[in-house]
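Residue numbers (my numbering): 4 to 313. Backbone N, C-alpha and C define an ideal beta-carbon position, used for all residues, glycine too. This structure is a prediction, so every number in the text was calculated from the model and none was measured. Following: one structure in structure tokens, then a few remarks.
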Amino acid sequence: MFRFRLKIRPKDPLIKILPEVRGRYLQNISLARHTWFGVGGNAEIMYIPEDTEDLAHFLRNKPRNVPLCIIGGGSNLLVRDGGIPGVVIKLDSPHFKKVSVGEGFITCGAGFRNTDLKKYLLRNKLGGLEFLCSIPGVIGGSVKTNAGCFGREVGDVMLRAEIINGEGKIQTVTAKDLGLSYRSSLFPEDWIILSITFKTEPATEEEISRKLEEHRQYRRERQPYNQKTAGSTFKNPEGLKAWELIKKSGCAEMSVGGAKVSEKHCNFLINTGNATAKDIETLGEMIIQKVRQETFITLEWEIKRLGIEK
Ligand SMILES: Cc1cc2nc3c(=O)[nH]c(=O)nc-3n(C[C@H](O)[C@H](O)[C@H](O)COP(=O)(O)OP(=O)(O)OC[C@H]3O[C@@H](n4cnc5c(N)ncnc54)[C@H](O)[C@@H]3O)c2cc1C
Numbered sequence: 004m005f006r007f008r009l010k011i012r013p014k015d016p017l018i019k020i021l022p023e024v025r026g027r028y029l030q031n032i033s034l035a036r037h038t039w040f041g042v043g044g045n046a047e048i049m050y051i052p053e054d055t056e057d058l059a060h061f062l063r064n065k066p067r068n069v070p071l072c073i074i075g076g077g078s079n080l081l082v083r084d085g086g087i088p089g090v091v092i093k094l095d096s097p098h099f100k101k102v103s104v105g106e107g108f109i110t111c112g113a114g115f116r117n118t119d120l121k122k123y124l125l126r127n128k129l130g131g132l133e134f135l136c137s138i139p140g141v142i143g144g145s146v147k148t149n150a151g152c153f154g155r156e157v158g159d160v161m162l163r164a165e166i167i168n169g170e171g172k173i174q175t176v177t178a179k180d181l182g183l184s185y186r187s188s189l190f191p192e193d194w195i196i197l198s199i200t201f202k203t204e205p206a207t208e209e210e211i212s213r214k215l216e217e218h219r220q221y222r223r224e225r226q227p228y229n230q231k232t233a234g235s236t237f238k239n240p241e242g243l244k245a246w247e248l249i250k251k252s253g254c255a256e257m258s259v260g261g262a263k264v265s266e267k268h269c270n271f272l273i274n275t276g277n278a279t280a281k282d283i284e285t286l287g288e289m290i291i292q293k294v295r296q297e298t299f300i301t302l303e304w305e306i307k308r309l310g311i312e313k
């Protein structure tokens with residue numbers, strides 16, 4: 004996510020030059036196991052901070068030249084086959100999965116899974132966030148991508164966020180500070196979302212259940228289910244649908260190696276089992292090229308591509 008250009012001396016194994024932390028360092032961890040596509044190389048180091056203080060200590064004391072990147076649930080990521088050099092941070096400890104409910108709001112840690120919101124909404128009769136429960140991933144990733152569906156997105160329901168910057172300084176910011184817009188955000192690369200406070204609306208259990216069920220059914224009918232994918236591959240160009248452009252341009256049956264366009268929704272790419280990240284990225288680039296040739300429109304990746312080629 005944020006990179007510094009100085010080179011690490013090849014003699015120093017990365018683990019040896021990182022600060023001592025209370026959290027965990029995992030070496031050479033396969034990122035295929037941390038992403039929905041199930042492809043990609045290793046993280047040189049994965050760091051799982053114990054809590055905010057541990058993360059702040061790490062950020063303040065790590066060598067400036069070590070590249071850092073943060074991942075959430077990996078449901079919007081394509082990690083390249085050469086993996087990610089440096090440190091990949093994952094807010095996966097219980098501290099970052101805490102939830103607290105107040106009058107008209109709910110605060111969720113960045114590592115909390117969107118789908119786990121359901122039980123809090125039902126138990127506390129909180130409406131307005133049902134859409135988020137159907138989006139894979141965790142809260143931090145969903146803020147970064149301004150995730151949305153069924154007519155709502157994170158920016159519509161967010162009151163404030165707690166973030167930490169690259170120097171380990173914590174601050175509270177608003178949706179405006181994060182520059183949220185359609186499936187994107189515009190905030191400094193070294194900001195890490197720690198928690199989010201969403202506004203809620205009073206609702207009955209029946210109303211919430213009905214919406215959750217409608218959303219579940221809609222997805223089951225129209226989107227690939229139980230498959231290795233990262234959701235919509237390309238953003239919808241203004242006033243248009245990416246899937247319509249893909250279909251119209253004759254790309255709906257395209258495949259490369261183990262990667263193919265979903266038969267159910269042609270803006271979803273699928274790893275059929277043995278795809279490499281290269282297969283998936285090449286397929287995506289071929290679609291962009293074909294759609295451009297046919298329609299003069301350039302599709303923009305919605306999926307975040309990270310890491311280096313093999
Ligand atoms: C089947 C399927 C259906 C989907 N449907 C939708 C949908 O309807 N609407 C939609 O918007 N998306 C959808 N997606 C895409 C994806 O689920 C969302 O973008 C989701 O919000 C990504 O969250 P994540 O935790 O998996 O983030 P990741 O994929 O892990 O990361 C996404 C980005 O967020 C950054 N990031 C992660 N955590 C943090 C943090 N704490 N602080 C700062 N940056 C961070 C990462 O660096 C990366 O740039 C779908 C995906 C799948 C697989």
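Residue i: buried (16+ other C-beta within 10 angstroms of its C-beta) or exposed?
i: residue 124; result: buried
i: residue 309; result: buried
i: residue 187; result: exposed
i: residue 225; result: exposed
i: residue 8; result: At residue 8 the pLDDT is 46, less than 50, meaning the model places this residue with poor confidence and gives no usable figure here.
i: residue 179; result: exposed
i: residue 189; result: exposed
i: residue 243; result: exposed
i: residue 31; result: exposed
i: residue 10; result: Note that residue 10 scores 48 on pLDDT, short of 50, meaning its location in the model is unreliable; the coordinates nonetheless yield the value given after this. The residue in question, residue 10, is exposed, as its Cβ has fewer than 16 Cβ neighbours within 10 Å.
i: residue 133; result: buried
i: residue 23; result: exposed
i: residue 6; result: Summary for residue 6: the model assigns pLDDT 47, below 50, so the residue's position carries little reliability, and this model does not support an answer.
i: residue 207; result: exposed
i: residue 241; result: exposed
i: residue 313; result: exposed
i: residue 283; result: buried
i: residue 122; result: exposed
i: residue 19; result: exposed
i: residue 67; result: exposed
Quick one: is the Cβ of residue i within less than 7 Å of any heavy atom of ligand 1?
i: residue 281; result: no
i: residue 177; result: no
i: residue 296; result: no
i: residue 94; result: yes
i: residue 232; result: yes
i: residue 186; result: yes
i: residue 72; result: yes
i: residue 103; result: no
i: residue 275; result: no
i: residue 80; result: yes
i: residue 205; result: no
i: residue 112; result: no
i: residue 55; result: no
i: residue 145; result: yes
Just reading off the alpha helix (DSSP H) that residue i is part of, what are its end residues?
i: residue 96; result: Note, residue 96: premise wrong, no alpha helix (DSSP H); not H, not E.
i: residue 212; result: 208-225
i: residue 294; result: 280-298
i: residue 100; result: No alpha helix (DSSP H) contains residue 100, which DSSP labels as neither H nor E.
i: residue 136; result: 133-136
i: residue 123; result: 120-127
i: residue 262; result: Segment 262-264 is the beta strand (DSSP E) holding residue 262; no alpha helix (DSSP H) there.
i: residue 179; result: 178-181
i: residue 110; result: Looking at the DSSP string, residue 110 is not in any alpha helix (DSSP H); the run it does join, the beta strand (DSSP E), is 108-112.
Along the beta strand (DSSP E) that carries residue i, what are the first and last residues, could you check?
i: residue 146; result: Residue 146 -> not in any beta strand (DSSP E); alpha helix (DSSP H) instead, spanning 142-147.
i: residue 167; result: 161-167
i: residue 307; result: 307-309
i: residue 46; result: 45-51
i: residue 27; result: 27-33
i: residue 197; result: 195-202
i: residue 274; result: 272-274
With C-beta atoms as the reference, is residue i less than 8 Å away from residue j?
i: residue 145; j: residue 135; result: yes
i: residue 51; j: residue 93; result: yes
i: residue 251; j: residue 298; result: yes
i: residue 42; j: residue 274; result: yes
i: residue 71; j: residue 90; result: yes
i: residue 76; j: residue 116; result: yes
i: residue 74; j: residue 80; result: yes
i: residue 58; j: residue 167; result: yes
i: residue 234; j: residue 62; result: no
i: residue 140; j: residue 78; result: yes
i: residue 307; j: residue 40; result: no
i: residue 267; j: residue 205; result: no
i: residue 286; j: residue 265; result: no
i: residue 272; j: residue 262; result: yes
Measure how close the beta-carbons of residue i and residue j come, nearest whole angstrom, since I'm counting them as under 8 Å.
i: residue 246; j: residue 270; result: 4 Å
i: residue 200; j: residue 163; result: 5 Å
i: residue 197; j: residue 113; result: 5 Å
i: residue 160; j: residue 202; result: 6 Å
i: residue 53; j: residue 26; result: 4 Å
i: residue 280; j: residue 83; result: 5 Å
i: residue 86; j: residue 45; result: 4 Å
Within the present structure, is the beta-carbon of residue i separated from the nearest heavy atom of ligand 3 by less than 7 Å?
i: residue 191; result: Only ligand 1 can be found as ligands here, which leaves ligand 3 out of the picture.
Is there at least one Cβ from chain D nearer than 8 Å to residue i's Cβ?
i: residue 293; result: Of the chains in the structure shown, none is chain D; there is only one protein chain.
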